[in-house]
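Chemist: In the numbering used here, the protein residues as written are 176 to 249. For each residue, glycine too, the CB sits at the ideal point set by N, CA and C. These figures come from a predicted structure and were not determined experimentally. One structure, pasted below without further comment.
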């Protein structure tokens with residue numbers, strides 16, 4: 176049985192935050208789905224991907240360096 180927390184965020188869900196593809200972001204911005212926290216999340220993922228590319232360290236080893244909690248509102 177798959178634990179419920181595994182279903183919350185699928186693998187590769189961070190990619191739109193890293194690559195910021197224009198069609199995806201434009202649609203989300205136009206429909207008012209983008210909030211300031213989305214840009215903060217994009218910065219966070221960018222830092223984590225860059226850190227991994229530079230050092231090979233996994234993000235969870237460096238989480239205390241960059242971690243900032245986010246309050247999700249729906």
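Please state whether the Cβ-Cβ distance between residue 204 and residue 191 is less than 9 Å.
Modeler: No, Cβ-Cβ distance for residue 204 and residue 191 is not below 9 Å.
Chemist: Consult DSSP for residue 195 and reduce its assignment to one of helix, strand or coil.
Modeler: Here residue 195 sits in coil by DSSP.
Chemist: Could you compute how far the alpha carbon of residue 232 sits from the alpha carbon of residue 209?
Modeler: Near 30 Å, if we compare the C-alpha coordinates of residue 209 and residue 232.
Chemist: Mind checking whether residue 217 and residue 193 have CB atoms under 9 Å apart?
Modeler: For residue 217 and residue 193, yes; Cβs fall inside 9 Å.
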